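A quick write-up on the structure given underneath.
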Amino acid sequence: MALLDAIKKNLIKVPLVSTDKDGIIEELATLYASEEGLSEDKRKEIIATIEEREMLGSTAMENGIAIPHAKIEGLDKVSVVIGISRLPVAFGAPDGKGTNVFFLVLAPPENPSEHIQILSSIAKACSSQLFMRMLLSSKTKEDVYNLFFE
Amino acid sequence: MKVPFRHVLVYLDGSEGSINALMYAILLAKSTGAALDAMYVVNTKAIGDLVKSRIFIDQERKEFLSDLEKDAKRHLRHAERLAASKDLEITSVTKEGSPHHVVMDYIKNSGVDLLVIGSVNAIRSRRDELTSENDRMLRTSPCPVLVVRDQDDIWAEFEEV
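Going line by line, the protein sequences match chains A and B.
Each residue of the first sequence is one higher than the one before, starting from 139 at the first, in this note's numbering.
Each residue of the second sequence is one higher than the one before, starting from 876 at the first, in this note's numbering.
Written out as structure tokens, the structure reads:
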């Protein structure tokens, strides 16, 4: 499974409305749970798992991007939820700057290879300054989607 | 290029596509008498890059490394069982590193004359960063590459033979 297989227009939110780390995680996880028709318990489980992982070390990088991720039991495939915040959010980046672009990656524990491949593809794509500038200037979820598939 | 092929390598990555490729490679080796190697590459390059970019913490590095090693054993055992069901002996190979580099090196150093892989992706983006390992292998292999399409009815054929 390649990254492009995991990107779905209905799992992209522009702009995010939350202004803090917990709020961003909850907003992304809630979008996923709602689109996948998950129970309230599962939604809470995803949020708790991501928050626990972030407590061990933030997944925010120096270029304004964060990739919170977790293995979640019961999922049938790797999913990516993309969110872009107009204002930088304090997410624990090493340079102390805020984060605007978020990729929430949720994967079943049974396929570590695909999980790694997708995280790696996101990191590679976002290492391009041009790509990041275009991502940040995206006004709608269609803009973000088209950026990957152009 | 040698014809007919004498040494076939099938690349396994745990995907359904690579299982199809494995079954096709077994049938091919059986019918041609070629030797067959099955290879799984533990992608330590990607894990290392994820640690460097702070996406993985050390605990995750260890956990995913262990997961991938188990995955390698599981898929290679499966490959040996499938081959044995057709009275074919195969060589199982586990390596570490960047999959397409490791596979290319193995082809050059082991005299492999045909690489069999699962399906490659349709070109949906011009971004090279989004290219899959299978795509890279197809583009850079020093020997002929046989791409087994997902839609091929390999399962039924495998059961019949």
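Yeah, the Cβ is synthetic: ideal placement off N, Cα and C, and Gly gets one too.
Just so it is clear, the structure is predicted and the values come from calculations on it, not from any experiment.
Separation of the CB atoms of A/E190 and A/V216 is rounded to 19 Å, and the pair is thereby denied contact status at 8 Å.
A/K279 sits in a helix when the DSSP states are folded into three classes. The contact set of A/M199 on chain B, defined by CB atoms closer than 7 Å, consists of S928 and R929 in chain order. A/V243 and A/L257 do touch by the CB rule: their CB atoms are close to 6 Å apart, below 8 Å.
In the DSSP assignment, B/T966 falls within the unbroken beta strand (DSSP E) covering T966 to E971. For B/M914, the uninterrupted beta strand (DSSP E) segment begins and ends at A910 to V917. For A/G175, the closest Cβ of chain B is not nearer than 8 Å. Residue environment: B/S1007 is assigned as buried (16 or more neighbouring CB atoms within 10 Å of its CB, all protein chains considered). In the structure shown, the three-state DSSP call for B/A900 is helix.
Counting along the chain, the unbroken alpha helix (DSSP H) around A/K159 starts and ends at K159 to E174.
Under the 10 Å beta carbon count, B/E1032 is surrounded by fewer than 16 other beta carbons and is classified as exposed.
Across the structure, B/I992 and A/S177 are spaced so that their CA atoms are roughly 39 Å apart.
When 8 Å is used as the limit between beta carbons, B/G889 is near these residues of chain A: N249, S251 and E252, in chain order. Contact check for A/V155 against A/I220 fails: the beta carbons are separated by 8 Å or more.
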